[in-house]
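Numbering (the numbering used here), first residue to last: 2 to 289. C-beta: ideal position from N, C-alpha, C; glycine also. In this text the structure is predicted, and so the values were computed from the model without any measurement.
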């Protein structure tokens, strides 16, 4: 009986937080769903009534819809590849004994705590500026013409900025996984004469599969909503307009809340499709 009372008390105490959390998620989603079926122009007449699926058809048949989908997927895929590849390399490096190891780890993790807008401004003005940026000076030092990064290489530039922000997160997760690896396995492989490449492929990499899965899932969920870096740097120009930025343009710039809400529902559907795909294909590692 005491156990039953304890469970009932726990549910009672958790109920307010659960209700608040559900309200925090469901109320905006419900409002978005309602507005997606209405023609709502705040500065041009307000609520003009129900239009059914007209907003959905207009949004998906827009010439900017599919390019925004591809831009989103390219940025997400590029960031995932870079952060996982370099995250494994950094994790292996930080796992080695070196002088000032604690300070080095703090410096590696520090970019994750920088606001996206701040990091985007730093990269835009200090690194990618075609006149005074660090990259421009490096190009001139080697006798090459500086690159207009945000116009000539817009998508790689965005991927580079976002990867710099998320690399510490991937490194931290992967470093934790490496430190949990049984050192006796590595020592046994070394005694058997296995080269470092074989030890990495057959021992370290399989051990990191669960950590890589976690990085993939968490980063994908957040990267699908990338906005601040694009707003600060290219403002959606030069092929960098993602689905989130397209929704922003429809709602705030075009003042069409109904059309933007339909885009928001499409974004939710896309996020759920990708999440389900990852959970089915990659997430099997979590049960291994």
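With burial defined as no fewer than 16 other Cβ atoms inside 10 Å of the residue's Cβ, what is the status of residue i: buried or exposed?
i           : result
residue 51  : exposed
residue 165 : buried
residue 60  : buried
residue 20  : exposed
residue 169 : buried
residue 129 : buried
residue 242 : buried
residue 9   : exposed
residue 120 : buried
residue 258 : buried
residue 152 : exposed
residue 11  : exposed
residue 15  : exposed
Name the two residues that bound the continuous beta strand (DSSP E) containing residue i.
i          : result
residue 50 : 47–51
Can you give me the start and stop residues for the alpha helix (DSSP H) that residue i sits inside?
i           : result
residue 135 : 135–142
residue 249 : 244–249
residue 221 : 210–224
residue 197 : 197–200
residue 117 : 117–123
residue 149 : Careful: residue 149 lies outside any alpha helix (DSSP H) and carries neither H nor E.
Tell me whether residue i sits in a helix, a strand or coil according to DSSP, three-state version.
i           : result
residue 279 : helix
residue 99  : coil
residue 27  : helix
residue 182 : coil
residue 42  : strand
residue 109 : helix
residue 5   : helix
residue 255 : coil
residue 128 : helix
residue 236 : coil
residue 166 : helix
Run the proximity test for residue i: is its beta-carbon closer than 7 Å to any non-hydrogen atom belonging to the ligand PLP?
i           : result
residue 171 : This structure simply doesn't include the ligand PLP, nor any ligand for that matter.
Skipping 5 residues on each side, what residues in its chain have a beta carbon closer than 8 Å to that of residue i?
i           : result
residue 217 : 81, 85, 279, 283
residue 45  : 256
In its own chain, which residues sit with a C-beta less than 7 Å from the C-beta of residue i, not counting the 5 before and 5 after it?
i           : result
residue 93  : 179
residue 227 : 76, 163, 243, 245
residue 276 : 222
Could one say the Cβ of residue i lies closer than 8 Å to chain D's Cβ atoms, at least one of them?
i           : result
residue 268 : Among the chains of the structure shown, chain D does not appear; only one protein chain is present.
Skipping 5 residues on each side, what residues in its chain have a beta carbon closer than 6 Å to that of residue i?
i          : result
residue 71 : none
>> Three Cβ pairs or more, each shorter than 8 Å: is that satisfied between the stretch 235–254 and the stretch 104–121?
In response: no
> Is it a yes or a no for the stretch 77–93 touching the stretch 204–221, going by three-plus beta-carbon pairs under 8 Å?
Replying inline: yes
>> Would the stretch 260–274 count as touching the stretch 32–43 if we require 3 or more Cβ pairs under 8 Å?
In response: yes
> Is the stretch 71–81 close to the stretch 223–237, with three or more CB pairs under 8 Å?
Replying inline: yes
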